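K.L.:
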Amino acid sequence: MKKGLKKTDLPRFIADVMLGSLSRWLRLFGFDTLYRNDFTDKQLIKLSLQEDRVLLTRDNALAKSKLLKKVLLIQSEEIREQIKEVLLSFYPKLELLNLKPRCPVCNGETERIKKEEIKGQLPDYVLFSSHEFIMCKSCGKIYWEGTHKEKIDEVKKDILQSLK
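Mapping to this note's numbering: the sequence shown position 16 is 6, numbers consecutive.
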């Protein structure tokens, strides 16, 4: 069930308690996705309306709320399928999807930083073995390429390939 959605919208999302993993993955794809595991339905609706966010939910009753302007009822229980549901709802031209990753922890915007700027903040072996770093502008968390990035990139590639 979709309500109030157009494929041309560049949406910002808010996700209910059942979609924490989906929220983190959407952030890695670059989508502004608000999530806390203690939002009440009332808070979700209020924030969705105030901030013009699409509510992502697995709750049929919540999705049918007359108060909501934009909602996407997520059908699947499997994370890759959930990501596909969101992408297919908004991006008819997936090859154009090239958003900058957001912080998977706090949803903040990220920026590339130079190794010299973070000396002393990370172990020496990380600074020695990695060449690219990004930092969250909101929480200050630093990310670098490692085996986890390869896994994330592989999942993203698989999902996008399966949608073509």
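Don't be surprised by glycine CBs; every beta carbon is placed ideally from N, CA and C.
Only a predicted model underlies this, so the values are computations on that prediction, with no experimental measurement involved.
(1) Measure the alpha-carbon distance for D114 versus S11 and round it to whole angstroms.
(2) Could you tell me the boundaries of the beta strand (DSSP E) in which I132 lies?
(3) Can you list, in chain order, the residues of its chain whose CB lies under 8 Å from that of E41, leaving out five sequence neighbours each side?
(4) Which parts of the region 1 to 83 are runs of the alpha helix (DSSP H), unbroken and 4 residues or longer, counting only runs that do not cross its ends?
(5) Please report how far the alpha carbon of M125 lies from the alpha carbon of F118, in whole angstroms.
(6) For the structure I just gave you, are there three or more beta carbon pairs, one from the region 43 to 54 and one from the region 86 to 100, closer than 8 Å?
(7) Rounded to a whole number of angstroms, what is the C-alpha to C-alpha distance between I132 and F19?
(8) Could you compute how far the alpha carbon of L9 sits from the alpha carbon of K105?
(9) By Cβ distance, which residues of its chain are closer than 7 Å to E135, with the 5 residues on each side in sequence left out?
(10) Between which two residues does the alpha helix (DSSP H) holding L153 run?
(11) Quick one: residues in its chain with C-beta nearer than 8 Å to the C-beta of G98, no 5 flanking neighbours on either side, listed in chain order?
(12) Report back the beta-carbon spacing between T236 and D6 to the nearest angstrom; my notes put them in contact at under 8 Å.
(13) To the nearest angstrom, report how far apart L63 and G110 are at their CA atoms.
(14) Of the choices K56, L16, D28, V116, whose alpha-carbon is the least far from that of Q72?
(15) Just to confirm, is the Cβ distance from L58 to L37 under 8 Å?
(16) If you compare alpha carbons, which of Y81, S66, R102, S152 is closest to K90?
(17) Y99 by DSSP, collapsed to three states: which one?
P.N.:
So, from the data block:
(1) Here residue 114 corresponds to residue number 124 of the sequence shown, with the count starting at 1. Here residue 11 corresponds to residue number 21 of the sequence shown, with the count starting at 1. Distance between the alpha carbons of D114 and S11: 31 Å.
(2) The sequence position of residue 132 within the sequence shown is 142, counting from 1. 132 to 134 is the extent of the beta strand (DSSP E) around I132.
(3) Here residue 41 corresponds to residue number 51 of the sequence shown, with the count starting at 1. Within the same chain, E41 has close Cβ partners R2, I4, L24.
(4) 10 to 19, 31 to 40, 50 to 53, 69 to 80
(5) Here residue 125 refers to the residue found at position 135 of the sequence shown. Here residue 118 refers to the residue found at position 128 of the sequence shown. Spanning the two alpha carbons is a distance of roughly 17 Å.
(6) no
(7) Start at 1 with the first residue of the sequence shown, and residue 132 comes out as number 142. Start at 1 with the first residue of the sequence shown, and residue 19 comes out as number 29. I132 and F19: Cα-Cα distance of roughly 17 Å.
(8) Position 19 of the sequence shown, counted from the start, is the residue given in the question as residue 9. Position 115 of the sequence shown, counted from the start, is the residue given in the question as residue 105. Taking the straight line from one Cα to the other gives about 34 Å.
(9) Residue 135 sits at position 145 when you count from the first residue of the sequence shown. Contacts found: S120, E122.
(10) Working through the sequence shown from its first residue, we reach residue 153 at position 163. Here L153 belongs to no alpha helix (DSSP H), and DSSP marks it neither H nor E.
(11) Translated into the one-based positions of the sequence shown, residue 98 becomes position 108. Correct list, in chain order: R92, C126, K127, S128, C129.
(12) This structure does not reach residue 236, given that the chain is present from -9 up to 154, and the question cannot be answered.
(13) As a first step, residue 63 must be located in the sequence shown, where it is residue number 73. As a first step, residue 110 must be located in the sequence shown, where it is residue number 120. For L63 and G110, the distance between alpha carbons rounds to 45 Å.
(14) For the purposes of this step, residue 72 is identified with residue 82 of the sequence shown, where counting begins at 1. For the residues K56, L16, D28, V116, the minimum Cα distance to Q72 belongs to L16.
(15) Residue 58 sits at position 68 when you count from the first residue of the sequence shown. Residue 37 sits at position 47 when you count from the first residue of the sequence shown. No. Outside cutoff.
(16) Residue numbering aside, residue 90 sits at position 100 when the sequence shown is read from its first letter. Of Y81, S66, R102, S152, the smallest CA-CA separation from K90 is found for R102.
(17) As a working note, residue 99 is residue 109 in the sequence shown. First, the residue type needs correcting, since residue 99 is Glu and not Tyr in the sequence shown. Strand, per DSSP.
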